[in-house]
Amino acid sequence: MKTDIGNRFLLNLLAIAVVVLVFYFMGFSTLGSAWRQPGGTFLYMVAVAGALLLLVSLVFLVAKRTGHGSPRFWFIAHVVAATMGSVLVTIHTARAFDEAPALLLLALAGLMGLGVWARVHLANRMDETFATKRGGFA
Numbered sequence: 082m083k084t085d086i087g088n089r090f091l092l093n094l095l096a097i098a099v100v101v102l103v104f105y106f107m108g109f110s111t112l113g114s115a116w117r118q119p120g121g122t123f124l125y126m127v128a129v130a131g132a133l134l135l136l137v138s139l140v141f142l143v144a145k146r147t148g149h150g151s152p153r154f155w156f157i158a159h160v161v162a163a164t165m166g167s168v169l170v171t172i173h174t175a176r177a178f179d180e181a182p183a184l185l186l187l188a189l190a191g192l193m194g195l196g197v198w199a200r201v202h203l204a205n206r207m208d209e210t211f212a213t214k215r216g217g218f219a
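Residue numbers for the sequence shown follow our numbering, so the first one is 82 and each next one is one higher.
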């Protein structure tokens, strides 16, 4: 059984995450004070939920190594939970991108973008390289 997901699913998931974050940051000034106060109880709970989702994405590694459950299900859960967790952790920052933890988050977002680009763009180019069968040395 194929455990991979399609590029379309991955790009759609990423687009949804970006749209959610863009709308959140565009409407930031109109949100209640609980959404705008860094270190507040509400945003702390949002961060806890995001961290738990990031931990759920780690369950895939355990399930894959132990053979429990469907690999395809756990892989999709891994990708979706990691994306949703990243969105929640980004919301937790409350637009405080000038402090050290938020800068780390921006660096991780860049790595995530690089990974998606490599998956979508470079995989197709490498497909051509590795799918060709060259003649022998005889």
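Where a beta carbon is used, it is the ideal one built from N, C-alpha and C, also for glycine.
- Taking a cut-off of 8 Å for Cβ pairs, the segment 122 to 132 and the segment 187 to 195 do not touch, as fewer than three such pairs fall below it.
- Just so you know, the alpha carbons of THR111 and VAL99 end up roughly 19 Å apart.
- Counting only residues of its own chain and dropping the five nearest sequence neighbours on each side, PHE106 has a CB closer than 8 Å to the CB of ARG176.
- Counting every other CB atom within 10 Å of its CB across the protein chains shown gives SER114 a total below 16, marking it as exposed.
- Comparing alpha-carbon positions, the option among ALA163, SER167 and TRP116 lying closest to VAL140 turns out to be ALA163.
- Using a Cβ distance threshold of 8 Å, LEU134 and VAL197 do not count as a contacting pair.
- At a Cβ-Cβ threshold of 8 Å, VAL170 and LEU186 count as neighbours.
- Per DSSP, PRO119 lies in no alpha helix (DSSP H) segment and is marked neither H nor E.
- Sixteen is the threshold: since fewer than 16 other Cβ atoms of the shown chains lie within 10 Å of the Cβ of VAL143, the residue is exposed.
- Contact between GLY131 and GLY166 holds: their C-beta atoms lie close to 4 Å from each other, under 8 Å.
- Per DSSP, reduced to three states, the secondary structure at ARG176 is coil, with no helix or strand assignment.
- Scanning its chain for C-beta atoms nearer than 6 Å, with the 5 sequence neighbours on each side dropped, one finds around SER138 the residues HIS159, ALA162 and ALA163, in chain order.
- Between ARG200 and LEU102, the gap from beta carbon to beta carbon reaches 8 Å or more.
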